[in-house]
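The block underneath contains the structure these notes are about, expressed in structure tokens.
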Amino acid sequence: MSTEHVANATPVTASATGSGVGLRPNAVGIIGVLLQAVALMGPGVAVAFGYGPGITYARGSFPLAIALAMVGSLLVALNIGQLAAHLPSAGGSYSYVSNGLGRGLGFLAGWLSIPAYLVFLPLNVIAFGYALNQASASPSDPSSGVPWWVGGVFLAVLMGLLTFFGVRISVRLLVVLGTIEVLAFVVLSVFLVMNPADGQSLQAFTPATWDGGHGGISGVLVGAVIGMLAFTGFESAALLAEESKNPRRIIKPVLISAVLLIGAFFVLTSYAGVAGYGFNHLGPSTQEGTYLHDEAPWITLAIRAWGTSGKYLLGMVLFTSFAANMAAGYTALSRVAYAMGRAGALPSAFGRLTRRFRTPWLALLIGVIFALLVAPWLVAVYNKPPNTFLLLVNTAGYSVLTIYIAVSLAVPFYYLRKQRSEFRVLPHLVVPLVGALLLLVVLLSPLFTTLPPDNYPGILPQYLGGAIAGGWLLVGIVWLLVLRLRNPGALEAGERIYVTGE
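At position 456 of the sequence shown the residue is numbered 455 (numbering that gives the first Met the number 0), and the sequence of numbers has no breaks.
Next up, the structure:
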């Protein structure tokens, strides 16, 4: 790891950052990389708490929104795979866009990656806290459960420590926890599909209009934005390139496999959720007995399916899912910040590792603090889920989709500029352009949907989330101008990769 290679660039050394060491090479095999992608998608967390915001807009057509999100994610996976084969780097989109579209846009892609991963941390804290609260409450006294913030603090601190102790520990944990959560939700979903509350309905896969004017094409597209966030994290497999075995060979198949496997899982569970709860009992959130009114709807579904034992069984599975998702989120955030700090695009402290565990500690610490500060504020302002999540998922949605569009557009430019002999029209031009166009439609759709969530205070989340993501981007543009004047080498470093020959 002492020498880095990149086409058409001068080799540099990892010690140039001042850390003296790099990330631990060959620490993770193909299964570990796959489970990192699966765990950051957080299949259990997405199903149990991530579906609520999507159902808020799409109602019974949410399965169609998930299917559309799966297509978009698969196109992105193909595009990232084309770049990861030549550019294995912990920087991910930061490196890909730098090499394809130029150093300035590459920096901004990396800059947007920070909120894209950061905002999922308080979401996990809140969701875990409410799940623990409901699971620990007495049936005769719903208010007797453990306060939500107790569970949230426990999760944030514990998983921060485990991630700090090194990628090997966290990845081994992901392998075990990820397998358990997927199997448990598949079994429960099959039971729910076979026992629907209001019967089966193929309208779930059409842009039908449901109660109160929800659903339709606009509702499905907004649901697809939120659905894309359920898939967010599959690209984190590429962030382990410097720590994985044979990254140029394994990253692309891992990305595609992760999207296909979890995509099928999401389509199954999204239909199971709306059918199991009942197509006539999804909303509004102000009405008792509806999906959106329920703080932990999948625990309710588990109780209906398996009785009281289902509550505790699914509760334990959810806790492992939150742990895995939190660990994967910390890992992804710290690797992006490390890559940018190492290059000088962020303060150099972000590019320093602990000598014993070789962990990027500063971004990890900031992630813990951010989660513990933002989660209580969101609960105080927006009350309970799913309203608590809407601002987070919209902020992340704009950031993630913008990055995905930039990465898709980087593919043809990279191959035409630096890998001309390998350029092929279908994989390197048609697929990226189709993917970018689809993602652009999904990205803009929330801005034209004015149907407010039930009982939601203040500015609509799609507008406030867009303002936050846009404001972060503007700060990044200002910082980019500062770097051009004071440290242009930091932008050039975004084009380097840090993996030696295999």
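For glycine and all other residues, C-beta sits at the position ideal for the given N, C-alpha and C.
- Residues G218, V221 and G222 of the same chain have their beta carbon placed closer than 6 Å to that of Y56, with the five preceding and five following residues left out of the count.
- Contact between the segment 333 to 343 and the segment 357 to 370 is present: 3 or more CB-CB pairs across the two stretches fall below 8 Å.
- The three-state secondary structure of T208, taken from DSSP, is strand.
- Scanning V424, E294 and A405 for the CA closest to the CA of P141 turns up E294.
- With at least 16 other beta carbons inside 10 angstroms of its own, P121 counts as buried.
- Comparing alpha carbon positions, the residue from I402, G151, N382 and L161 closest to Y329 is L161.
- Residue environment analysis places F447 among the exposed positions, since fewer than 16 neighbouring C-beta atoms fall within 10 angstroms of its C-beta.
- The Cβ-Cβ distance between A68 and L317 does not fall below 8 Å.
- Bounds of the alpha helix (DSSP H) holding N123 are F119 to S135.
- In the displayed model, P141 falls within a helix according to three-state DSSP.
- Remark: C-beta atoms of L389 and P452 approach each other more closely than 8 Å.
- With fewer than 16 other beta carbons inside 10 angstroms of its own, P346 counts as exposed.
- The alpha-carbon of S112 is positioned some 21 Å away from that of H85.
- By the criterion of at least three beta-carbon pairs nearer than 8 Å, the segment 419 to 439 is in contact with the segment 398 to 408.
- The DSSP-derived three-state label of P431 is helix.
- Looking only at Q199, L63, V96 and A263, the smallest Cα-Cα distance to F184 is reached by A263.
- Taking C-beta atoms as the reference points, S188 and F278 fail to come closer than 8 Å.
- From the listed residues G275, T268 and G232, the smallest Cα separation to I255 is found for G232.
- Non-local C-beta neighbours of T205 in its own chain, meaning closer than 8 Å and more than five positions away in sequence, comprise S60 and L63, ordered along the chain.
- Nearest neighbour of R334 by Cα position, chosen from Y93, W478, A370 and S97, turns out to be Y93.
- Counting the other CB atoms within 10 Å of its CB gives T401 a total of 16 or more, which places it among the buried residues.
- Bridge partners of P114 according to DSSP: none are assigned.
- Secondary structure within the segment 451 to 488: the alpha helix (DSSP H) runs of 4 or more consecutive residues, fully enclosed, are 460 to 485 (chain order).
- DSSP lists P359 as the bridge partner or partners of L352.
- R58 and L391 do not touch by the CB rule: their CB atoms are close to 21 Å apart, not below 8 Å.
- Listed in chain order, the non-local C-beta contacts of E234 below 6 Å within the same chain comprise I79, local neighbours out to five positions each way being set aside.
- Secondary structure at G306: coil, using DSSP grouped into helix, strand and coil.
- Taking C-beta separations shorter than 8 Å and ignoring five residues to either side along the sequence, the partners of G469 in its chain run Y397, following chain order.
- Taking S97 as reference, the option from R416, S420, P42 and Y290 with the minimal CA-CA separation is R416.
- In the structure shown, G214 falls within a strand segment according to DSSP collapsed to helix, strand and coil.
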